């Protein structure tokens, strides 16, 4: 195919591309031109655009400005702006930034999410996101994002692989039918008007079930009292099949988001590492992974009491507050609670997180191990990345912060 010969043609193709009216043949011509000389990283300022529509207008205005000027080098300035557009559309990152202790200014990598793939013709050998990397991820494979996966262990020790099980009744436990109702959800419910007498006998032996998500898994469960729990990757919840007595007690390892059904006669208790959380009916998130330095309880709605089991010291949380338990308990006011529950909404969200904090989340969600090599820069990360991206796509986003990666099988090597 002959190279483009006029600025008018560049402008015509650019306008069609931005308006999604470009034909397959024109798309191939456009990207041949686009792919003909990318060399440098392109960073997008945070204030680049206030909306997706404004973003496209400003990109196109800059393209027109560059096209109208004399071109002294082979399309470098023009292509840099197309690289900027490609980053925004292909990266799927919103407001991702990094900073260091010695450099307080935050450097923003991209500021907008446009959840549609960039239009790259089949003949394109290198994707736009790869082209703008100065030091690309070294990779021989890719790993897909986590999905709905969990194992349910019944009272007799038998196990049900929930992601393989068909929808419908899976078992009967303590007067409850265990029902897989939809993709990624299991429900405990009385499906018969004739209840099991054990369900109302406070002296009856308690039958416990456990739902466990592996690395790379998540799942949702509706408990016998109607409370809903969302489990993050590498987490487990142990619970009775019937809530007898004056308390509804469960045990959590890992991370979960709770929407507790109100019941003034029965306190709902969540036991985790060194703490217990007591509620009557509320929405909250607990991060109690064993490899995290603190156990964080974040309240979104209602009220909860968080108690340190070692000292019996307790704190009553209000919405927007988070308790952080390590050697002692600290309560902080959050600017917003989005970071704590972003995983439930399908995002990684960071606020001044160091690289090891970031990589622990990557490790759990993609079922990989992480190894560190060399002296890593002391950067802090902030922003959002969609959790449905493949591992390679996420690493490419993070590489814009000048940390680099090598992916070998299911091992991620982090390098300066």
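Residue numbers (my numbering): 80 to 495.
Quick reminder that beta carbons are idealized off the backbone N, C-alpha and C, glycines included.
Since the structure is predicted, the reported quantities are computational estimates derived from the model, not experimental observations.
Item to check | Separation of residue 485 from residue 453, as counted between CA atoms | outcome: The straight-line gap from Cα to Cα measures roughly 13 Å.
Checklist entry - Does DSSP classify residue 431 as helix, strand or coil? => result Secondary structure of residue 431 (DSSP, three-state): strand.
Item to check | Sub-8 Å separation of residue 226 and residue 333 beta-carbons | outcome: Not in contact: residue 226 and residue 333 (Cβ atoms no closer than 8 Å).
Item to check | Which of helix, strand or coil DSSP assigns to residue 101 | outcome: Residue state, collapsed to three classes: coil.
Item to check | Selection from 392, 398, 95, 435 that minimises the alpha carbon distance to residue 371 | outcome: If you compare the alpha carbons of 392, 398, 95, 435 with that of residue 371, the shortest gap goes to 435.
Checklist entry - Would you report the Cα separation of residue 325 and residue 415, rounded to the nearest angstrom? => result Looking at the two C-alpha atoms, the distance is approximately 34 Å.
Next on the checklist: My assumption, with CB atoms under 8 Å, is that residue 287 sits in contact with residue 337. Please give the rounded CB distance.
Outcome noted: Beta-carbon to beta-carbon, residue 287 and residue 337 are separated by about 18 Å, too far to satisfy the 8 Å threshold.
Checklist entry - DSSP on residue 93, reduced to helix/strand/coil? => result Residue 93 falls in the helix class under three-state DSSP.
Item to check | Residue from 455, 403, 490 with nearest C-alpha to residue 446 | outcome: The residue with the shortest Cα to Cα distance from residue 446 is 490.
Checklist entry - Apart from the five residues just before and just after residue 339, which ones in its own chain have a Cβ nearer than 6 Å to its Cβ? => result Excluding the 5 residues flanking it on each side, residue 339 has same chain C-beta neighbours closer than 6 Å at 306, 347, 358, 360, 361, in chain order.
Next on the checklist: For residue 364, count the other beta carbons within 10 Å of its own beta carbon; 16 or more makes it buried, fewer makes it exposed. Which is it?
Outcome noted: Residue burial is scored here from C-beta neighbours: residue 364 has at least 16 other C-beta atoms within 10 angstroms and is therefore classed as buried.
Checklist entry - Between the Cα of residue 397 and the Cα atoms of 377, 438, 285, which residue gives the shortest distance? => result Per the Cα distances, 377.
Item to check | Beta-carbon proximity list for residue 450, same chain, < 8 Å, skipping 5 on both sides | outcome: So the qualifying residues of the chain are 490, 491, 492, 493.
Checklist entry - By Cβ distance, which residues of its chain are closer than 7 Å to residue 151, with the 5 residues on each side in sequence left out? => result With a pLDDT of 35 at residue 151, under the threshold of 50, the predicted position of this residue should be treated as unreliable, though the coordinate-derived value follows. Once the five neighbours on either side are set aside, residue 151 has no close Cβ partner at all.
Checklist entry - Rounded to a whole number of angstroms, what is the C-alpha to C-alpha distance between residue 411 and residue 330? => result If I take the Cα positions, the gap works out to 24 Å.
Item to check | Reference residue 356; option with closest CA among 343, 387, 380 | outcome: Distances from the alpha-carbon of residue 356 to those of 343, 387, 380 put 387 closest.
Checklist entry - Per DSSP, what kind of secondary structure is residue 106 in: helix, strand or coil? => result In the three-state reduction of the DSSP assignment, residue 106 falls in the helix class, which pools H, G and I.
Item to check | Distance between beta carbons of residue 224 and residue 467, contact taken as under 8 Å | outcome: Contact holds; Cβ gap of about 5 Å.
Checklist entry - With C-beta atoms as the reference, is residue 354 less than 8 Å away from residue 373? => result The criterion of a C-beta distance shorter than 8 Å is not satisfied by residue 354 and residue 373.
Next on the checklist: Quick check on the burial criterion: 16 or more other C-beta atoms within 10 angstroms. Buried or exposed for residue 479?
Outcome noted: In this structure residue 479 is buried. Its beta-carbon is surrounded by 16 or more other beta-carbon atoms within 10 angstroms.
Item to check | Start-to-end residues for the alpha helix (DSSP H) that takes in residue 470 | outcome: Looking at the DSSP string, the run of the alpha helix (DSSP H) that includes residue 470 is 470 to 478.
Checklist entry - If residue 312 sits next to residue 443, beta carbons under 8 Å apart, how far is it from one beta carbon to the other, in whole angstroms? => result The C-beta separation of residue 312 from residue 443 comes to about 4 Å, placing the pair in contact by the 8 Å criterion.
Item to check | Cα-Cα separation, residue 267 to residue 335 | outcome: Answer to the nearest angstrom: the Cα atoms are 18 Å apart.
Next on the checklist: So residue 289 and residue 232 are supposed to be a Cβ contact under 8 Å. How far apart are they, rounded?
Outcome noted: Residue 289 to residue 232, Cβ: 4 Å. Contact.
Checklist entry - Residue range of the alpha helix (DSSP H) that residue 417 falls in? => result Its alpha helix (DSSP H) spans residues 417 to 420.
Item to check | Beta-carbon proximity list for residue 417, same chain, < 7 Å, skipping 5 on both sides | outcome: For residue 417, same chain residues with a beta-carbon under 7 Å away, outside a window of 5 residues either side, are 428 in chain order.
Checklist entry - Should residue 303 be labelled buried (16 or more other beta-carbon atoms within 10 Å of its own) or exposed? => result Counting other Cβ atoms within 10 Å of its Cβ, residue 303 reaches 16 or more and is therefore classed as buried.
Checklist entry - In chain order, which beta strand (DSSP E) runs of at least 3 residues are fully inside the region 223 to 311? => result As far as the region 223 to 311 is concerned, its whole beta strand (DSSP E) runs of at least 3 residues are 230 to 232, 238 to 240, 247 to 252, 255 to 261, 264 to 268, 287 to 292, 296 to 301, 307 to 310.
Next on the checklist: For residue 449, report the span of its beta strand (DSSP E) as first-last.
Outcome noted: Judged by DSSP secondary structure, residue 449 falls within the beta strand (DSSP E) whose first and last residues are 448 to 451.
Next on the checklist: Tell me the DSSP secondary structure of residue 459 in three-state form.
Outcome noted: Three-state DSSP puts residue 459 in a strand.
Checklist entry - Taking Cβ to Cβ, would you say residue 259 is nearer than 8 Å to residue 247? => result Yes, the Cβ-Cβ distance between residue 259 and residue 247 is below 8 Å.
Checklist entry - How many angstroms separate the CA atom of residue 367 from the CA atom of residue 375? => result Roughly 7 Å separates the two Cα atoms.
Next on the checklist: Just to confirm before moving on: does the CB-CB distance between residue 240 and residue 265 stay below 8 Å?
Outcome noted: No, the Cβ-Cβ distance between residue 240 and residue 265 is not below 8 Å.
Item to check | Close beta carbons around residue 285, own chain, < 6 Å, minus the five adjacent residues each side | outcome: Non-local beta-carbon contacts of residue 285 in its own chain, meaning distances under 6 Å to residues more than five positions away in sequence, involve 319 in chain order.
Next on the checklist: Would residue 463 and residue 421 be called neighbours here (beta carbons separated by less than 8 Å)?
Outcome noted: The answer is yes: Cβ separation under 8 Å.
Checklist entry - What residue ranges within the region 352 to 422 form continuous alpha helix (DSSP H) runs of no fewer than 4 residues, ordered along the chain? => result Scanning the region 352 to 422 for uninterrupted alpha helix (DSSP H) segments of 4 residues or longer gives 417 to 420, listed from N- to C-terminal end.
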